[in-house]
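These notes concern the structure reproduced below.
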Amino acid sequence: MAITEYHQQAVDLFSPFNHEWCTYYLNSGATTADEFFNKGFDYYNQGNLSAAIAQWTNTLKVNSKDVDALYSRAIAKNELYASNAAMIDYDKAIEIAPNFSSALLNRGALKDDNGDHLGAIADYDTVIEIIPKDEITLQRAYANMANSFKALGDLKAACQNWKKAKELGADYVNALLAEYCKS
């Protein structure tokens with residue numbers, strides 16, 4: 006079936022989203038997972054989150070285990086306030102690549118935003134266990150974990166984690182240390 010026939014079938018048979026997806030498909034000129042992914046990245050950088058999501062969805066239609074497409078799509082979905090859909094993509098990316106520290110950090114932050122502070126702490130703990138030598142990632146994990154503990158009312162644990170983040174060079178926690186950790 007020619008692409009234009011496929012497009013018309015989708016327009017005739019399915020929802021407006023499929024029409025949008027087919028339009029992006031036809032207009033992108035992309036045919037491989039890498040081309041779809043890069044086109045999604047271009048759309049994301051232009052601020053067109055819906056088009057980026059559509060391209061990363063196309064990537065996943067070609068390669069359902071593309072963790073970068075899942076991760077990128079999760080970020081875009083979260084920016085569109087579709088946190089449940091973003092969580093599904095983060096979960097799938099981490100299922101495929103359990104040591105994907107950026108996905109774990111972002112999923113932890115999303116869990117925090119949704120009030121699942123213990124779940125967030127578990128994700129940050131995993132990052133700390135698997136990435137022992139990357140200081141920037143560890144700074145983020147400790148600082149985020151501190152924020153989770155603060156949200157749970159455990160200032161002692163929060164202060165311990167902010168101090169660890171500071172030791173690793175996270176100067177951005179100085180104000181939090183000054184305000185909450187005066188001992």
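Residue 6 is where the sequence shown starts when you use the working numbering, and the numbers rise one by one after that. By construction, the Cβ of each residue, glycine as well, lies at the ideal position given by its N, Cα and C atoms.
DSSP, read as helix, strand or coil, puts residue 173 in coil. For the set 40, 49, 149, the Cα lying nearest the Cα of residue 66 is the one of 40. By the neighbour-count criterion, in which a residue is buried when 16 or more other Cβ atoms sit within 10 angstroms of its Cβ, residue 82 is buried. Cα atoms of residue 47 and residue 57: separation of roughly 8 Å, rounded to the nearest angstrom. Our two residues, residue 155 and residue 163, have alpha carbons roughly 5 Å apart in a direct line. Assignment of residue 147 by DSSP, reduced to helix, strand and coil, places it in the helix class. Distances from the CA of residue 68 to each of 38, 87, 97 were compared; the closest alpha carbon is that of 38.
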